[in-house]
Amino acid sequence: MRDMPVDHPLVAFVAADTNEARNAQVRLAHRYGNTPLDRAEVVVALGGDGFLLETLHRTLSRPVPVYGMNRGSVGFLLNEFSEDGLLDRVNRAQKVTLHPLRMCATRVDGERIEGLAINEVSLLRETRQAAKLRITVDGVVRLPELICDGCLVATPAGSTAYNLSAHGPILPLGSSIMALTPISAFRPRRWRGALLPQSARIVFEVLESAKRPVSAVGDFTEVRDVARVEIREDRSVSLTLLFDPEHNLEERILKEQFAP
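Start counting the sequence shown at 49; every next residue gets the next number (the working numbering).
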């Protein structure tokens, strides 16, 4: 017998391509039913953080709240896995609204490619040669030359991911700021990045691009041999994540700042 209260939302279960996630999907679908993704009111994503980001991208054309349960490794953006009382948990869940970054990358041949990034947009050197970047913020050149392995712009939700590994700051949700963080900066050696308002437009220009090629990556969009990359927060796009009240994302990000 399926465990479905009268006021239950129509749920679509999606799973990462692992045995653990697929098996959980089968059991949950049998217990609660499984609505096609294009008619669902809530999507339950079973996997890790990477699969959750993939699921959010799949819902861009039809925004629908996503409730993740960890069937992967880290699971920072996911709730704990349990098959019991799932629909009640979904109904009680707290909503977090995320606005992705919009990346507009221009390649050296003039081709322009756009992409959305929920965590961060990163520029990375393609060869043994360090990258040389010029950084402009809102039309003002703030760093004429940064020699580095790369540089990234992170959202608050993504600040605990690659940004943190690159020694960038953790940003509380609702802080309305973005992190601009260098990756292995060589010159200026002591520059550790900047905090920018969410309204900022950041432009990276690749210097000596023929000798020092650079790629730009925004979640699932990778552009090779870029000459210029513009990044801004796109507030016209809203994504909704659902969290159990006792494991909300704001508390996790706060706790991460005190982790040993």
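Don't be surprised by glycine CBs; every beta carbon is placed ideally from N, CA and C.
Residue i bridges to which residues according to DSSP?
| i | result |
| --- | --- |
| Y115 | V92, L290 |
| E270 | V265 |
By how many angstroms is the C-alpha of residue j removed from the C-alpha of residue i?
| i | j | result |
| --- | --- | --- |
| G158 | L125 | 37 Å |
| L297 | S213 | 19 Å |
| V285 | L108 | 8 Å |
| L244 | N67 | 42 Å |
| N127 | Y115 | 8 Å |
| E89 | K303 | 31 Å |
| R173 | E299 | 35 Å |
| V54 | V262 | For V54, the pLDDT reaches just 46, beneath the cut-off of 50, and the residue's location in the model is therefore unreliable, although a value from the coordinates is still provided. When rounded, the distance between both Cα atoms is 54 Å. |
Within its chain, find whatever has a CB closer than 6 Å to the CB of residue i; leave out the 5 residues flanking it on each side and keep chain order.
| i | result |
| --- | --- |
| R176 | none |
| S207 | I218, L219, A227 |
| G120 | G95, G96 |
| S257 | V156, A275 |
Leaving out five residues on either side along the sequence, give the residues of the same chain with a beta carbon under 7 Å from the beta carbon of residue i.
| i | result |
| --- | --- |
| R283 | H147 |
| P236 | none |
| T103 | V62, V91, A93, V114 |
| V189 | R182 |
If I measure Cβ to Cβ from residue i and keep anything under 8 Å in the same chain, skipping five residues before and after, which residues do I get?
| i | result |
| --- | --- |
| P293 | R140, A141, Q142 |
| E193 | K180, L181, R182, R235, L255 |
Please report the Cβ distance between residue i and residue j, rounded to the nearest whole angstrom; I am assuming they are in contact, meaning their Cβ atoms lie under 8 Å.
| i | j | result |
| --- | --- | --- |
| P84 | T288 | Contact flag wrong, Cβ pair sits at about 19 Å. |
| M117 | G266 | Incorrect: roughly 26 Å between the Cβ atoms, too far for contact. |
| I250 | D197 | I250 to D197, Cβ: 18 Å. No contact. |
| L171 | F252 | 6 Å |
| R145 | E168 | One detail in the question is off: residue 145 reads as Thr in this sequence, not Arg. About 18 Å separates the two Cβ atoms, so there is no contact after all. |
Whole runs of the beta strand (DSSP E) within the segment 236-266, excluding any shorter than 3 residues: 242-245, 250-255, 262-266
Inside the segment 126-192 only - alpha helix (DSSP H) runs reaching at least 4 residues: 134-140
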